[in-house]
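Under my numbering, the sequence shown has 166 at position 166, and the numbering climbs by one with no breaks.
Beta carbons: idealized from backbone N, C-alpha and C, even for Gly.
Read through the structure below, which is laid out as structure tokens, and then see the notes.
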Amino acid sequence: MDLVNKVSLITGGGNGIGKSVAKEYGQQGAIVLIVDKDLVAAQIVVEEIKSFGGQAFAFHVDVSKPFDIEDLFEKIRKDFDRLDILINNAGISKFTSPFELLVDQWDEVINTNLRSVFLCSREAVKLMRKNKVGSIVNIASTRALMSEPNSEAYAASKGGIVALTHAMAASFSKDNIQVNCISPGWIETGDYSQLDEADHVQHLSNRVGKPEDIAKACLYLTQAGNNFINGTNLIIDGGMTSKMIYEE
Ligand code: NAD
1 MDLVNKVSLI TGGGNGIGKS VAKEYGQQGA IVLIVDKDLV AAQIVVEEIK SFGGQAFAFH
61 VDVSKPFDIE DLFEKIRKDF DRLDILINNA GISKFTSPFE LLVDQWDEVI NTNLRSVFLC
121 SREAVKLMRK NKVGSIVNIA STRALMSEPN SEAYAASKGG IVALTHAMAA SFSKDNIQVN
181 CISPGWIETG DYSQLDEADH VQHLSNRVGK PEDIAKACLY LTQAGNNFIN GTNLIIDGGM
241 TSKMIYEE
């Protein structure tokens with residue numbers, strides 16, 4: 001899809017991977033809607049995009065709240081009356097012993113990381129199908145495929161995204177809407193900006209990822225001519241999930 005003036009929504013676009021995705025779409029001439037519960041961060045990204053001549057708008061939304069999502073899409077219907085691309089990126093991680101994890105904490109992770117993907121996608125498709133074209137990319141994680149202790153809620157939310165991606169791709173394909181997901185390995189962002197040598201060598205590429213590695217993949221999946229890629233989980237992890245533990 002030629003991205004000039006295409007309306008592209010990125011959840012969690014105020015920081016980290018989402019920020020890099022927002023700037024990439026801004027550079028391509030898309031109209032970028034940056035959704036974040038941190039409005040100040042979203043507004044900073046808007047200013048950065050405007051500084052290079054791009055078009056961007058910030059929205060204060062907590063994607064774990066269904067009412068916030070309804071309100072957001074009402075505004076999009078009124079102000080833009082179309083949506084071409086949705087990147088479901090907002091997410092949180094909580095690593096707690098399964099014996100100490102509270103039901104509220106489980107719900108917070110699942111509602112933020114997984115339920116929001118379904119609710120935002122369902123609203124997005126109502127707009128996309130008017131033009132019979134659209135592309136959705138969900139940010140899952142390699143934690144859907146391999147895991148570590150105390151990651152139950154996060155791993156379940158990301159595994160859920162992979163399965164949800166398949167289901168939605170099947171439901172929405174008749175309207176020419178693609179749904180894919182990306183499973184990143186370690187990416188240097190906020191909580192994960194202090195990664196050390198032990199983290200780098202887990203990857204065949206011998207480095208952890210950068211937000212731009214994921215932003216470029218979002219662009220690729222949503223580009224014109226790539227609509228044969230549908231319902232897939234693109235693993236971008238520098239080969240982490242392919243690497244066995246071995247002695248050099
Ligand atoms: P980050 O913390 O740097 O940025 C996340 C952004 O999402 C923040 O701006 C935050 O305010 C926003 N956000 C969080 N909860 C929200 C909510 N309820 N409503 C609206 N906005 C909300 O995180 P990141 O590292 O850039 O991660 C982005 C996505 O990539 C997440 O889904 C994460 O699980 C996934 N991921 C990250 C890594 C990694 O190593 N960084 C690896 C695999 C997957």
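Endpoints, beta strand (DSSP E) assigned at residue i
i, result
"A140", "It is not in any beta strand (DSSP E) - A140 carries neither H nor E in the DSSP assignment."
"F228", "Premise fails: F228 is in no beta strand (DSSP E) and is neither H nor E."
"I87", "I85 to N88"
Coil, strand or helix - residue i by DSSP
i, result
"S183", "strand"
"D38", "coil"
"G26", "helix"
"H203", "coil"
"A56", "strand"
"G190", "helix"
"L195", "coil"
"L249", "Lying outside 1 to 248, the shown extent of the chain, residue 249 is not represented and no answer is given."
"L119", "helix"
"V109", "helix"
Environment of residue i [buried if 16+ CB atoms lie within 10 Å]
i, result
"D84", "buried"
"G91", "buried"
"Q178", "buried"
"Q194", "exposed"
"K158", "buried"
Nearest-angstrom Cα separation, counted from residue j out to residue i
i, j, result
"N226", "E100", "45 Å"
"T222", "D199", "30 Å"
"P98", "L3", "44 Å"
"A30", "Y220", "14 Å"
"V40", "F57", "12 Å"
"H60", "S242", "39 Å"
"E188", "E74", "34 Å"
Start-to-end residues for the alpha helix (DSSP H) that takes in residue i
i, result
"T165", "E152 to F172"
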